[in-house]
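Numbering (this note's numbering), first residue to last: 2 to 350.
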Amino acid sequence: MEINRSNSTKINDVNFNSIKFGEIFTDHMFECNFKNGQWESPIIKPYESLTLDPSTHVFHYGQAIFEGMKGYKDKANQLWLFRPEENYSRLEKSCIRMDIPVLPKKFFFDGLDNIMKIEKDWVSSNKGSSLYIRPFIFSSSEMLAASPSLDYKFLIICSPGASYYSKSLSVYIEDKYSRAAPGGAGYAKAAGNYGAAFYPTSLAMAKGFDQVVWTDSTNHQKIEEVGTMSIAFRINDKLITPLTSDTILDGVSRKTVIQVAKDIGIDVEERDITVKELIKEYNDGNLKEVFGCGTAAVIAKISSFGYKEDKFEIKDVFDSYADKIKESIVNIQQNLAEDPHGWRYKVEE
Ligand SMILES: Cc1ncc(COP(=O)(O)O)c(C=O)c1O
């Protein structure tokens with residue numbers, strides 16, 4: 002693979018203490034183009050703007066997908082990724098659903114390995130620190146025909162930073178808008194799913210909430226996700242999370258939370274949970290915790306939820322599942338604990 006190193010670095014201009022999610026980017030990017038029916042040899046080059054014709058397909062038809070993952074450095078300066086196979090397999094599903102030619106696995110892993118190595122100085126070994134990695138593919142043919150693009154670009158960019166959501170969240174249970182519908186593309190990490198979620202989220206924010214809890218598109222009763230995270234509920238001592246479906250993104254963190262919870266002896270149920278059940282359990286005093294989980298935040302606690310005109314406050318619990326599970330996951334990610342399921346992926350240098 003061709004590697005063109007940048008002859009300067011921005012790292013000294015960055016104040017790592019006041020960094021916001023996704024605003025600063027590292028010195029290099031990985032690029033691989035699909036042309037004439039095949040993915041061409043990739044390149045790593047200095048981070049730069051793209052020049053695109055106004056007719057570029059993605060601007061009009063949004064044939065675009067992405068992934069979100071993190072790289073870590075341990076105290077011995079070894080670089081790690083966390084469950085990258087899961088991200089590849091989801092990328093493959095997203096490609097198929099959006100009619101994008103599937104990116105070969107080798108290019109995905111070559112990209113991750115090499116971008117991590119070249120940006121090593123941007124990864125801090127402090128606990129909780131990581132390098133956010135954003136692989137994405139978009140349709141790049143210059144054409145207005147409403148048919149699949151003939152050309153695509155796969156890029157990987159990286160952004161150093163703290164966690165996405167740090168404070169606990171107040172969320173609104175959506176009873177009008179939907180993120181996804183059966184038969185749609187909710188299970189794919191398709192760019193348009195996110196664009197379409199901004200308006201309902203802005204409406205919820207105008208009512209004083211941080212995020213929306215997505216519910217099924219038919220009756221708005223079955224709880225699906227929260228913002229851009231999977232959702233879990235602790236009812237008494239049981240952890241409940243909705244089963245994945247074609248309207249739910251199959252979160253890597255969700256799978257990890259389920260396994261870690263089981264490993265520490267928590268009873269986990271993957272099943273439908275309705276708004277009605279949630280409110281009943283709340284009123285009966287059984288709803289102990291609610292949290293979101295995703296790559297960016299790992300786990301974000303939810304301290305209140307709104308539904309129609311009502312608001313429900315969730316008190317902090319002693320012995321929080323969210324805290325315990327987050328601690329276990331972060332320790333595995335940063336090589337501070339055993340990795341019994343082989344989730345850590347060593348970036349060989
Ligand atoms: C809609 C949605 N649900 C769930 C998740 C959590 O997925 P993961 O744990 O793989 O980051 C994300 C984050 O990418 C998301 O965008």
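By construction, the Cβ of each residue, glycine as well, lies at the ideal position given by its N, Cα and C atoms.
Burial state of residue 231, where buried means 16 or more other Cβ atoms lie within 10 Å: buried
Quick one: residues in its chain with C-beta nearer than 7 Å to the C-beta of residue 323, no 5 flanking neighbours on either side, listed in chain order? 290, 292, 300 and 302
List in chain order: all unbroken beta strand (DSSP E) runs of 3+ residues lying wholly within the segment 199–244. 212–216, 224–227, 230–236 and 239–242
Run of the alpha helix (DSSP H) containing residue 117, from where it starts to where it stops: 106–119
For the alpha helix (DSSP H) that residue 89 lies in, which residues bound it at each end? 85–98
Does residue 116 pass the burial test, meaning 16 or more other C-beta atoms within 10 Å, or should it be called exposed? buried
Does residue 171 come out as helix, strand or coil in the three-state DSSP assignment? Correct three-state label for residue 171: strand.
Straight-line CA distance for residue 198 to residue 175? 11 Å
If we ignore side chains and look at the alpha-carbon of each, how far apart do residue 390 and residue 108 end up? What the structure shows of the chain is the stretch from 2 to 350, and residue 390 is not part of that stretch, so it cannot be assessed.
Grab me the residues of residue 36's own chain with a C-beta within less than 6 Å of its C-beta, minus the 5 sequence neighbours each way, in chain order. 152
List the residues that DSSP assigns as beta-bridge partners of residue 68. Residue 68 is not bridged to any residue.
Evaluate contact between the segment 331–340 and the segment 60–75, counting only Cβ atoms and requiring at least three cross-stretch pairs below 8 Å. yes
Checking the sheet assignment: what are the DSSP bridge partners for residue 303? DSSP, once it has assigned bridges, lists 170 as partnering residue 303.
Please classify residue 64: is it buried, with 16 or more other beta-carbons within 10 angstroms of its beta-carbon, or exposed? buried
Sort out for me which residues DSSP pairs residue 29 with in a bridge. 47
Residue 2 classed as buried or exposed, judged by whether at least 16 other C-beta atoms fall within 10 angstroms: exposed
Could you compute how far the alpha carbon of residue 20 sits from the alpha carbon of residue 114? 24 Å
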